[in-house]
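Data first, discussion second: the structure below is written as structure tokens.
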Amino acid sequence: MQTPSEHAAYPDHWEADVVLRDGGTARIRPITPDDAQRLVSFYEQVSDESKYYRFFAPYPRLSDKDVHRFTHHDYVDRVGLAVTVGGEFIATVRYDRIDERGRPATAPADEAEVAFLVQDAHQGRGVASALLEHIAAVARERGIRRFAAEVLPANSKMIKVFTDAGYQQKRSFEDGVVRLEFGLEPTEASLAVQRGREQRAEARSVQRLLTPDSVAVIGAGRGPGGVGRAVLHNLLDADFSGRVYAVNAALDGPAEIGGVPAHPTVRAIGEPVDLAVLAVPAERVPEAVAECGEAGVRGMVVLSAGYAESGPEGRERQRELVRQARSYGMRLFGPNAFGVINTAPAVRLNASLAPTMPLPGRTGLFTQSGAIGIALLSALHRRGAGLSTFVSAGNRADVSGNDVMQYWHDDPDTDIALMYLESIGNPRKFTRLARRTAAVKPVVVVKGARHSGAAPTGHTVAAPGIPDATVSALFRQAGVIRVDTVTELVDAGILLADQPLPAGPSVAILGNSESLGVLTYDACLAEGLRPQSPVDLTTSATPGDFRAALAEALADPGCDAVVVTAIPWVDEHSAAQYPEGEVLAAALREAASKAPAKPVAVVAVELGGLAEALAAATASAPGRTSRPTAAAPVSPGVTAPGGHGETPAPADASTGTGPAPVPDQGAEAAPPEPRTTGPIPSYPSAERAARALGEAVRYAHWRRTEAEPGRVPEYDDIDEQGAAARIEELLAGTESSRGVSLDAADAADLLRRYGIPVHPTLPADTADAAVRAAAELGYPVALKTTAPHLRHRADLGGVRLDLASEAQLRLAYQELTDTLGKPAELRPVVQAMVPRGVDTVVRAVIDQAAGAVLSFGLAGAPSELLGDTAHRLIPVTDRDAAGLLRSIRTAPLLFGWRGSAPVDSAALEELLQRVSRLVDDHPEVVAVSLEPVVVAPRGLSVLSASVRLAPPPARTDVGPRALPLY
């Protein structure tokens, strides 16, 4: 931190692009001496009333002295920030450090006076709120902990900005002025306010792009063919509800292209344009963007290629594109985008290269890839599934999947979100948004580049790779349904879009093929479901038999879902009267519509027309505004898996192959609600139907038990300030940015400050030293080597346990050195024995892309060889910690497998939360490893610990709201 009165270089890291309340963008940056004319021009456009509120007196113009004072800052004691649109100021904020007497500070002080001024035309857009977040972050960086602001009582808008910010405040009234004082440390309330504003602003920015009143296609050719003409045709073919224009630079004046008004420039249109679709070569895009910005266009879809996907030059071109668009307050989809679609009857927007408008529906679809977008649109259309919105964002240089998820969260027309992602630009934010969205509607994701962890070089601007196991774990923590292929994405989507959520894993199977029923039974078992014995209706079954059997199964309180299997039946009379499959579809729909709300899936083999007839039920449920759910939430507590005397099954297999077993819901599930008629999904194989149903069951369980994130507990014995001081001391002598690995004593001291005792260890360089150590610790003892190649390797003889006497210890020491090497190479140590239990390992690490991650597994082969490790983002809540234990495949060993005593899971959950608190409170702690942690039936013992400190990395999930850098 710099000291007061010390001049600092221009702080370019304070520059940021923000989304305002109305969805437009603006830039926040420090004010410089070069801004004198901008400041004067800005002030001239501010009303007399706003000037009076700012200066408490008539102040018609700024003097030269004022201009100099307001544009010259030392960026330490005096800081000014401006908000710009199109390069011009629309708002300013300034702080001046003050001492306790309210005068400019001449010595270190932690309070500053702050004042705002917002141009009247931009008031109400949330400009001041965004500025407050950024100036507060700047002040904290410069050692200021409190702001004071004096406001006239009539200036209610500014008073509201301060009072709504969520900071701890003190308010007083003196001499006709309201004085507000508030601390700048983020609070739970201020963070909630900030994220709420972020959600509303980002959702609004996407809404503006998806619900335009007018669209201009830039690059529409006069003759048929070409990308521009294709988009123009698709807009008209979809019967877009707004105005459509064509723009072609080769035109001499107003004309007509494709039956719509055409102009040489956007400005020549002479009417407001909400959305511009750019279909021009990359070298012409900057000119088109400038025209759009000057004409007041709100947003753009950039179809043009030649950007990050084409290499380094393209990446720089892409950065400049985003800079230019945001400077005019615009957001954009793309570049290299396939386009956007909104099927809402009031919009009917097809600003994409998709030649066919999708059916209206309640599914939102986001994809980075145009090719995958084509495949998904085609697959959903074939299955009779409709969409609410479709976004193919290409390189997603600006608007990302996170932004679209913000929109979908509150969109009443979207009940389920399907996403194809090749990279995750901000994993922490994605996890936070996905968890909030998944709590109210399913989020299904297929992620490309699974083995590399990121998109291939040059394909898109991707975040550093995240291990695939970590991605899976974070998705499950957030309630995201992760599938492996686009086919599975569609399979899960059509089930979740229109069927109620299952109340448990019990599945009834019925049909007219015994063999197909057996295959379905096996497929359900493979997905961790609890299939009932298949009901064989025989090949002579009629549609009426299917109807009766389905009605009976749905009425059974022990059934949570039904899979109907069907092959062509032998009935010449029925076949002659009805198209094949239509009569069966009618029977199944009738039975489902009169039964309790339970999901139904159909496995059909060679039954022509059945899938189409089942999907046609869309028309029978007009105006439905929410998807049905099968069960009310159960108790929010997280219990050990099993819960009914069974061997516990982990509820969240984060790594490895195969699906996570579905927890037994038993009597916890509430009675189902009455059913809402909707399409019944059909599948060509039992395996695909069972996979989709298994994902629905797991998601429903997560929503009932883990959707609420829980709380981060407070511990009275944590010495946060002492730990901070110790960390500062330990880092003080370190010059390398790579940090330092603490020795055993320092690591134990730091952990002790967070209530994590490490079992004492004494060195044993000789046999006599080992005996003295044992006498100090007390018998029985353990003798271990700490050499890296032998550490934790009991299988190699590097650990000798239960040494109850000096004779046993000396003999073990001799055998150890004779077998494995000299003491100097082995680095032996002595520890007192601890109660027997299960050896586990707890780690925390700062992942370059994902941020702070907490990991847990069993020590030895399960985690090291089999990769059976579970992960959660830090900070970890009480529910996260409970879920973490139960997420590994070997979790039954912790909960009494085969009659063994269950371990003290409560103590283990507390340890996980204490490690999480340490890393979250002190970002300088970049790695912690506790191995082994022996968990006994009562209590646990940390036998070895390592800690690494380094300068704190940048955090993308804290601080003021800002759009990602280009």
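Residues in the sequence shown are numbered from 1 upward in steps of one, following the UniProt record's numbering.
No residue lacks a Cβ here, since even glycine has one placed at the ideal position from N, Cα and C.
- The DSSP-derived three-state label of Leu865 is coil.
- Arg843: member of the beta strand (DSSP E) spanning 838 to 847, first to last residue.
- In the DSSP assignment, Asn512 falls outside any alpha helix (DSSP H), carrying neither H nor E.
- Taken in chain order, the whole beta strand (DSSP E) runs of length 3 or more contained in the region 58 to 144 are 78 to 85, 88 to 98, 111 to 118.
- Counting along the chain, the unbroken beta strand (DSSP E) around Asp802 starts and ends at 799 to 803.
- Fewer than three Cβ pairs drawn from the region 902 to 913 and the region 499 to 517 lie within less than 8 Å of each other, which leaves the two stretches out of contact.
- Inter-segment contact for the region 170 to 190 and the region 145 to 161 is present: three or more beta-carbon pairs are separated by less than 8 Å.
- Taking the Cα positions, Arg879 is about 34 Å away from Thr520.
- Collapsing the DSSP output to three states places Ser540 in coil.
- By the neighbour-count criterion, in which a residue is buried when 16 or more other Cβ atoms sit within 10 angstroms of its Cβ, Val177 is exposed.
- For Asn402, the enclosing alpha helix (DSSP H) stretches over residues 401 to 410.
- Taking Glu422 as reference, the option from Val471, Glu313, Arg382, Ala696 with the minimal CA-CA separation is Val471.
- With a cutoff of 8 Å on beta-carbon distance, Ala696 and Leu495 are scored as near each other.
- For Thr485, the closest of Gly860, Met419, Arg917, Ala290 by C-alpha to C-alpha distance is Met419.
- Annotation: Val771 to Thr840 spans about 29 Å, alpha carbon to alpha carbon.
- In the DSSP assignment, Ile159 falls within the unbroken alpha helix (DSSP H) covering 156 to 163.
- In this structure Tyr10 is exposed. Its beta-carbon is surrounded by fewer than 16 other beta-carbon atoms within 10 angstroms.
- Judged by beta-carbon spacing, Ala601 lies within the 8 Å limit of Leu693, meaning their Cβ atoms are closer than that value.
- Around Pro923, the same chain offers Pro952 as residues with beta carbons nearer than 6 Å, after the five sequence neighbours per side are excluded.
- The criterion of a C-beta distance shorter than 8 Å is satisfied by Ser941 and His759.
- Setting aside the 5 residues that flank it on each side, Ser682 is surrounded in the same chain by Val602, Ala604, Leu610, Ala611, Leu614, each with a C-beta closer than 7 Å to its C-beta; the list follows chain order.
- One alpha carbon belongs to Pro835, the other to Val934, and they sit about 8 Å apart.
- Just so you know, the alpha carbons of Gly196 and Leu930 end up roughly 37 Å apart.
- Here Tyr715 is exposed. Its C-beta has fewer than 16 other C-beta atoms within 10 Å.
- When the beta-carbon positions are compared, Leu332 and Gly299 come within less than 8 Å of each other.
- Here Phe116 is actually not in contact with Glu88; their C-beta atoms are around 17 Å apart, not less than 8 Å.
- Straight across, the Cα-Cα distance linking Ala438 with Ala592 is about 26 Å.
- The beta carbon of Leu809 is closer than 7 Å to those of Ala770, Val771, Ala774, Val781, Leu783, Leu803 in its chain, skipping five residues each way along the sequence.
- Following the DSSP letters along the chain, one finds Ile28 inside the beta strand (DSSP E) bounded by residues 25 to 30.
- Between the region 64 to 72 and the region 29 to 37 there are three or more C-beta pairs closer than 8 Å, enough to call the two in contact.
- Between the beta-carbon of Glu309 and that of Asn395 there is about 6 Å, and that keeps the pair under the 8 Å contact cut.
- DSSP places Arg688 in the uninterrupted alpha helix (DSSP H) bounded by 686 to 705.
- Between Asn234 and Ala354, the CB-CB gap stays under 8 Å.
- Residue Val563 holds the alpha-carbon nearest to the alpha-carbon of Leu516 among Phe475, Gly493, Val563, Pro500.
- C-alpha of Val480 to C-alpha of Lys441: approximately 10 Å in a straight line.
- Collapsing the DSSP output to three states places Lys429 in a helix.
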